[in-house]
Amino acid sequence: MRKFIFLAFIALNITYVLAQSWIDSIVPGRNALNVSASTNITIVFNRDIDQSTLTNATVKVYGSGKGFYTTNITYNSSTKTATVDPINDFKAGEFISVILTRGIKSTGGDSMPNPYVWSFTVKVEDGSGLFVRMGDVGVGGGPYSVHTSDLDGDGDIDIAVANDGSNTVSILRNDGGLNFVKVSDIGVGSNPLSVHTSDLDGDGDIDIVVANYYSHTVSILRNDGGLNFVKVSDVGVG
Numbered sequence: 030m031r032k033f034i035f036l037a038f039i040a041l042n043i044t045y046v047l048a049q050s051w052i053d054s055i056v057p058g059r060n061a062l063n064v065s066a067s068t069n070i071t072i073v074f075n076r077d078i079d080q081s082t083l084t085n086a087t088v089k090v091y092g093s094g095k096g097f098y099t100t101n102i103t104y105n106s107s108t109k110t111a112t113v114d115p116i117n118d119f120k121a122g123e124f125i126s127v128i129l130t131r132g133i134k135s136t137g138g139d140s141m142p143n144p145y146v147w148s149f150t151v152k153v154e155d156g157s158g159l160f161v162r163m164g165d166v167g168v169g170g171g172p173y174s175v176h177t178s179d180l181d182g183d184g185d186i187d188i189a190v191a192n193d194g195s196n197t198v199s200i201l202r203n204d205g206g207l208n209f210v211k212v213s214d215i216g217v218g219s220n221p222l223s224v225h226t227s228d229l230d231g232d233g234d235i236d237i238v239v240a241n242y243y244s245h246t247v248s249i250l251r252n253d254g255g256l257n258f259v260k261v262s263d264v265g266v267g
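For any residue, its number in our numbering is found by taking its place in the sequence shown, counting from 1, and adding 29.
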């Protein structure tokens with residue numbers, strides 16, 4: 030048994046080494062905290078890279094609030110360094126993931142052996158720690174779970190609320206002045222207890238996924254880009 034565990038450990042480490050075999054260093058580092066919102070991302074490779082394969086499709090930058098960031102990517106062949114410059118600054122407190130896909134190729138035509146992924150967290154500016162209630166916004170029945178994200182792509186953080194009592198998700202738009210207005214209630218499965226957002230279809234808009242306790246389903250809500258969400262499926266789970 031001990032021999033099996035040891036061999037499994039070795040195999041996992043070999044896989045990890047292979048996954049990062051093309052990467053010498055990254056900035057910001059893995060799990061870095063308090064990263065500047067205006068930071069650039071740098072990747073130092075240990076082999077010559079075909080610059081034409083460094084695109085927004087192969088070097089993806091995803092923010093928990095914004096979704097996928099559009100970036101300008103430059104490559105210095107003498108230092109084997111790619112610099113990724115997001116067009117828009119990151120949002121305060123945002124969790125950023127960087128995904129390097131196998132579409133990146135060397136000048137010899139070889140593809141990266143495995144994708145390479147890491148994350149970091151953007152700095153939050155100092156505050157007083159004192160909060161003042163700005164208002165109460167009506168949502169559906171029995172609001173249970175809340176997730177914040179830039180749902181309409183205007184640079185402001187909006188809110189999605191899972192309502193356990195009415196089996197809906199309420200969408201609240203932020204006008205930029207911390208004023209939220211409910212724009213819709215979307216029917217989902219029975220007893221939604223968790224809501225999360227992500228660009229599920231890769232079209233640049235933030236979609237919504239909802240876990241429904243009683244119906245044992247996950248509801249997928251597609252964003253058409255105008256803050257209009259349509260339930261496209263209820264996926265049965267355990």
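Backbone N, C-alpha and C define an ideal beta-carbon position, used for all residues, glycine too.
Enumerate in chain order the residues of its own chain whose CB-to-CB distance from T246 is below 7 Å, with the five nearest sequence positions on each side excluded. G218, D263, V264, G265 and V266
Let me confirm a value: N208 is counted as buried when at least 16 other C-beta atoms fall within 10 Å, else exposed. Which label applies? exposed
Which term fits L222, buried or exposed, when burial requires 16 or more other beta carbons within 10 angstroms of its beta carbon? exposed
Can you tell me whether S81 is helix, strand or coil according to DSSP? DSSP places S81 in helix when its eight states are reduced to three.
Determine the closest residue to V146 out of T130, G169, T112 and I186, with distance taken between C-alpha atoms. T130
Where K134 falls: helix, strand or coil (DSSP): Three-state result, K134: strand.
Which same chain residues end up closer than 6 Å to N13 when comparing Cβ atoms and leaving out the 5 residues on each side of it in sequence? The structure shown has nothing for residue 13, since the chain only spans 30 to 267.
Kindly indicate which residue of N69, V239, N143 and D77 has the alpha-carbon position closest to the one of V175. V239
Determine, using beta-carbon pairs with one atom in the region 96–109 and one in the region 69–81, whether at least three such pairs fall under 8 Å. Short answer: they touch.
Whether or not the region 153–165 and the region 177–186 are in contact is what I'm after, with contact meaning three or more pairs of Cβ atoms, one per stretch, closer than 8 Å; do they touch? no
Strand pairing of G216, partner residues [DSSP]: T197
Where T197 falls, given that 16 or more other Cβ within 10 Å makes a residue buried: The Cβ neighbour count for T197, taken over all protein chains shown within 10 Å, is at least 16; the residue is labelled buried.
Checking the sheet assignment: what are the DSSP bridge partners for A111? I72 and Y104
Look up Y145 in the DSSP assignment and give the residues it is bridged to. Residue pairing by DSSP places Y145 opposite L129 in a beta bridge.
Assign F119 to one of three DSSP states: helix, strand, or coil. coil
Only counting the same chain, and skipping five residues up and downstream in sequence, which positions put a Cβ closer than 6 Å to that of K260? S248 and L250
Spatially closest choice to G93 from Y104, S126 and V224, by CA coordinates: It should be pointed out that residue 93 corresponds to Ser in this sequence rather than to Gly. When each option's Cα is compared against that of S93, the closest is S126.
Whole-angstrom C-beta distance between T100 and P115, which should lie under 8 Å: 5 Å
Between the beta-carbon of F119 and the beta-carbon of R59, is there less than 9 Å? Going by C-beta atoms, F119 is not nearer than 9 Å to R59.
Residue of A66, T68, D234 and I78 minimising C-alpha distance to I52: When only C-alpha atoms are compared, the closest one is I78.
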